[in-house]
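Below: the structure, in structure tokens.
Numbering (the UniProt record's numbering), first residue to last: 1 to 370.
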């Protein structure tokens, strides 16, 4: 299915997206094959999710909620270990993924919506405090209070009906669970990993965003309770994060939230151990992992390893995948803010090798080029 020019240009790579980070038009996973932009129409998968039952706070249904939100272990096996000759994306298997939307996209006021539900949330939070309910179940009940079927449908339609939502605008979603982060701070490493996995394996995309934000805030704690050497700690943490990138529920919105905000800080803290891993990521058969290798330095500014950035860009310059070409242009454009001369010279020198899209994006703010 061909995407029109407007859809491809809708990518927004600034902060304040669904995770408070980055956004661009999404789609879904397709079976392994070399792709230019999207799978043929006859290969498309549309996930249909049964509506979540209305909120009914009783002690008897707490455990039921746990199961309904995917506490059972996922049977999806990572394809990371499979050697492949072309770029691919993990196949969707009973999961849904997409972007959350800025409240402006549908003239939604997160503050107004939250005000309409503040009494419900107030009662719910009071109930949470006096009961020993796990963070995950508190989170799910609060999202159910704010659930809006019409907005969920609009969000899904915006993403071509590929994804499942509660229908909660980002400001409202974040405000509804802001107090839970204090409780998250008290969790052990094992509990943090479990919470990340449970939310990630749930169908609604808003829960995936919570998992992404959890990793952004707590990535350095997820193995701190284990007796590991510094090198093993770094590798094990990065491998855990990678499972959220090379995964059936992964898409650009979560990948772009994890790359500069989770992978980047990890590499900065453990460069000797993790830079060789980034070299491997750049050549990964999963193009989301490859994309992450291009974007993890987005916020490095003067600390950017320019030689490595340029090398990574050249190594995948001839890739036909749209998300790789776009990432090359984005990474170069971001570094252009720090060293415009270096980026301009690199792009002009390798203009014949880089795709027109990568060149256009890289020099988007270069007056000499435009």
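Each residue gets a CB set at the ideal place from its N, CA and C atoms; glycine is no exception.
* **Of the listed residues 235, 321, 210, nearest to residue 220 (C-alpha basis)** => Position 220 of the chain shown, counted from the first residue, corresponds to residue 220. Nearest to residue 220 by C-alpha distance, out of 235, 321, 210, is 235.
* CA-to-CA distance, residue 138 to residue 182, given in whole angstroms -> Within the chain shown, the letter at position 182 stands for residue 182. Within the chain shown, the letter at position 138 stands for residue 138. Residue 182 and residue 138 have their C-alpha atoms roughly 13 angstroms apart.
* Asked: Which residues in the same chain as residue 156 place their Cβ atom closer than 8 angstroms to its Cβ, once the five residues preceding and following it in sequence are excluded?
  -> The residue you call residue 156 lines up with position 156 of the chain shown. For residue 156, the CB contacts under 8 angstroms within the same chain, skipping 5 residues up- and downstream, are 98, 162, 163, 164, 165 in chain order.
* To do: Take residue 233 as the anchor and find which of 242, 243, 222 has the nearest alpha-carbon.
  => Residue 233 sits at position 233 when you count from the first residue of the chain shown. That would be 222, whose Cα lies nearest to the Cα of residue 233.
* If you drop the 5 nearest sequence neighbours on each side, which residues of the same chain put their C-beta closer than 8 angstroms to that of residue 237? -> Counting from 1 along the chain shown, the entry for residue 237 is found at position 237. Result list for residue 237: 219, 220, 222, 223, 266, in chain order.
* To do: State yes or no: is the C-beta of residue 271 within less than 8 angstroms of the C-beta of residue 296?
  => As a first step, residue 271 must be located in the chain shown, where it is residue number 271. As a first step, residue 296 must be located in the chain shown, where it is residue number 296. No.
* From residue 360 to residue 329, what does the alpha carbon distance come to, in whole angstroms? -> In the chain shown, counting from the first residue as 1, residue 360 sits at position 360. In the chain shown, counting from the first residue as 1, residue 329 sits at position 329. CA-CA distance, residue 360 to residue 329, rounds to 7 angstroms.
* How is residue 177 classed by DSSP in three states: helix, strand or coil? -> Against the chain shown, residue 177 aligns to sequence position 177. In this structure, residue 177 counts as coil in the three-state DSSP scheme.
* Entirely enclosed alpha helix (DSSP H) segments - the segment 242-276, minimum 4 residues -> Entirely contained in the segment 242-276, the alpha helix (DSSP H) runs reaching 4 residues are, in chain order, 252-258, 264-269.
* Beta-carbon proximity list for residue 80, same chain, < 6 angstroms, skipping 5 on both sides -> Taking the first residue of the chain shown as 1, we reach residue 80 at position 80. With a pLDDT of 35 at residue 80, under the threshold of 50, the modelled position of that residue is not reliable, and the figure given next carries that caveat. So the list reads 246, once near-sequence residues are dropped.
* Three-way DSSP call (helix, strand, coil) for residue 338 in this model -> Counted from its first residue, the chain shown places residue 338 at position 338. In the structure shown, residue 338 sits in coil (DSSP, three-state: anything other than H, G, I, E or B).
* Could you give the distance in angstroms between the alpha-carbon of residue 283 and the alpha-carbon of residue 325? -> As a first step, residue 283 must be located in the chain shown, where it is residue number 283. As a first step, residue 325 must be located in the chain shown, where it is residue number 325. A direct Cα-to-Cα measurement between residue 283 and residue 325 gives close to 14 angstroms.
* **Proximity winner among 331, 304, 305, relative to residue 317 (alpha-carbon distances)** => Taking the first residue of the chain shown as position 1, residue 317 is located at position 317. Among 331, 304, 305, the Cα nearest to that of residue 317 is on 331.
* To do: Work out the CA separation of residue 308 and residue 285 for me, nearest whole Å.
  => In the chain shown, residue 285 corresponds to position 285, counting from 1. In the chain shown, residue 308 corresponds to position 308, counting from 1. Each residue's alpha carbon lies about 19 angstroms from the other.
* Would the beta-carbon of residue 193 fall within 8 angstroms of that of residue 240? -> Against the chain shown, residue 193 aligns to sequence position 193. Against the chain shown, residue 240 aligns to sequence position 240. Residue 240 is positioned such that its CB atom lies closer than 8 angstroms to that of residue 193.
* To do: Please work out which residues of its chain come closer than 6 angstroms, Cβ to Cβ, to residue 231, disregarding the five sequence neighbours upstream and downstream, and give them in chain order.
  => In the chain shown, residue 231 corresponds to position 231, counting from 1. Excluding sequence neighbours, residue 231 sits near 273.
* To do: Specify, as a first and last residue, the run of the alpha helix (DSSP H) that residue 356 falls within.
  => Translated into positions along the chain shown, residue 356 becomes position 356. Taken as a continuous stretch (DSSP letters only), the alpha helix (DSSP H) holding residue 356 covers 356-362.
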